[in-house]
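Here is the structure we will look at.
Numbering (my numbering), first residue to last: 177 to 612.
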């Protein structure tokens, strides 16, 4: 992905940048709502047109001179501008040239990067005459388009791929066995617990907007990081609240995207604000993440702000309210200062290793035989044979002579977990009955 040319979509708030991104991709990737400020982080997705792939970057509205959050969002847009190989400046043809349009155009004129001026919301022929006002921006002839209806976007994309740098010569393809898998790690938690701060620290760049207002992150943002253990995709998700407390359309879609990110991930990092303790909302969220079936690492953020009594109280709350998480690793960290974050990568490596571990059939049956000898199944229930059928998570098929009671099945699961040091990795047991 790093070799692909980068195309940044920029412009002031509410001109249709995210709608244009969705139109180019052909699917609803970015959250769209008819009010400014919905997109705040940079979102990067691979797009393709006429056989040319490129990295499409959707940015928040460029609005200098606003409040602190506006300034951070604008800074994200400016970073995208500077790193892009081509830029799509989106303006609202119906509204006409605004002061913000003129200011962002003045920034773009100083760059050597090709800029295509997209006059959006030209939904029909009657509006085409509106675009010529934008010649005053000094960025060349505007492209009339309707991101919502797709009008003019094909011609725009033809021009875009024409200004992109030529692709490098293809190297010989790797053998099928040489392909490196990229594991996905979702960072989840309630709003304003420090997820984006942790995300930025892990990737080593200010990719997500960090602000002390809950709900700053609206969409899931991901970046692949090369580590000593191989590439890992970190996904920063929007703050997740109970459905009953979600009262606006944008927040609902943010919630849905966060759940989708968890379901697609190999490991989840559950961030809890240690200064607030384990809340009822944290507990409900942990249950939802646990149901996704991936390993969970619990991060108690802002740990340095607690005194000895508060630390003891939070530790007790974890043991009581999150007992269902079993042997999940618990790390005390400070995302802001970085203290304790160095322990995260080794914990992730262990979790991923256990998640994809494959155990020889002979060893599985030896462990089950020993477990049955130590505690035979009730009413003559017996496992005749067992094998591991899948990984991610480890999945075992047990062939039995009759139905296996749930309590005894949990004993078998615990025996497998302890024998093969699977830690907090979820285990699936599938029971198939065989006649004697």
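Ideal Cβ placement from N, Cα and C applies to all residues, glycine included.
- The secondary-structure analysis by DSSP pairs residue 220 across a beta bridge with 233.
- Per DSSP, residue 564 lies in no alpha helix (DSSP H) segment; the continuous beta strand (DSSP E) that holds it begins and ends at 559–566.
- The straight-line gap separating the alpha-carbon atoms of residue 331 and residue 186 is approximately 19 Å.
- The continuous alpha helix (DSSP H) containing residue 375 extends over residues 371–379.
- No residue range can be given for residue 227, since it is assigned to no beta strand (DSSP E) and is classified by DSSP as neither H nor E.
- Here DSSP, grouped into helix, strand and coil, assigns residue 365 to strand.
- Exposed is the label assigned to residue 222, since fewer than 16 other Cβ atoms lie within 10 Å of its Cβ.
- Taking the CA atoms as reference points, residue 201 sits about 20 Å from residue 189.
- Rounded to the nearest angstrom, the Cβ distance from residue 410 to residue 361 is 5 Å, consistent with a contact under 8 Å.
- In the DSSP assignment, residue 449 falls outside any alpha helix (DSSP H) and within the unbroken beta strand (DSSP E) covering 443–449.
- In chain order, 454 and 459 place their CB closer than 7 Å to the CB of residue 497, counting only its own chain and leaving out the 5 sequence neighbours on each side.
- Take the alpha-carbon of residue 258 and the one of residue 180: they are about 16 Å apart.
- With 16 or more neighbouring CB atoms inside 10 Å of its own CB, residue 593 falls in the buried class.
- Secondary structure of residue 507 (DSSP, three-state): strand.
- Sequence-distant partners of residue 289 (beyond 5 residues in either direction) whose C-beta falls short of 8 Å from its own C-beta, in its chain, are 257, 260, 261, 262 and 263.
- The C-alpha of residue 334 lies about 16 Å from the C-alpha of residue 231.
- The way I'd put it, the stretch 498–505 does touch the stretch 470–486; three or more beta-carbon pairs between them come closer than 8 Å.
- Taken through DSSP and simplified to helix, strand or coil, residue 411 comes out as strand.
- An exposed status is given to residue 481, since fewer than 16 other beta-carbon atoms sit within 10 Å of its beta-carbon.
- Under the 10 Å beta carbon count, residue 318 is surrounded by 16 or more other beta carbons and is classified as buried.
- Excluding residues up to 5 positions away in sequence, 573, 574, 575 and 576 lie with their Cβ nearer than 8 Å to the Cβ of residue 608 in the same chain.
- CA-CA distance, residue 596 to residue 266, rounds to 56 Å.
- Checking the DSSP bridge columns, you'll see residue 604 partnered with 571.
- The secondary-structure analysis by DSSP pairs residue 360 across a beta bridge with 409.
- Between the alpha carbons of residue 292 and residue 444 lies a gap of roughly 39 Å.
- Rounded to the nearest angstrom, the Cβ distance from residue 296 to residue 321 is 6 Å, consistent with a contact under 8 Å.
- Positions of the alpha helix (DSSP H) runs, each at least 4 residues long and wholly inside the stretch 253–331, are given as 275–285 in order along the chain.
- Between residue 522 and residue 569, the CB-CB gap reaches or exceeds 8 Å.
- Separation of residue 274 and residue 367 (C-alpha to C-alpha, rounded to the nearest whole angstrom) is 34 Å.
- With a threshold of 16 other beta carbon atoms within 10 Å, residue 378 meets it and is buried.
- The residue from 564, 469 and 506 with its alpha-carbon nearest to that of residue 537 is 564.
- In this structure, residue 600 and residue 505 form a Cβ contact; the two beta carbons are roughly 7 Å apart against a cut-off of 8 Å.
- Residue state for residue 468 is assigned as coil, using DSSP reduced to three classes.
- Apart from sequence neighbours up to five positions away, the residues of its chain that approach residue 329 with a beta-carbon distance below 6 Å are 199 and 321, ordered along the chain.
- For residue 479, the closest alpha carbon among the candidates 254, 464, 449 and 494 is that of 449.
- DSSP, reduced to helix, strand and coil, places residue 544 within a helical segment of the structure shown.
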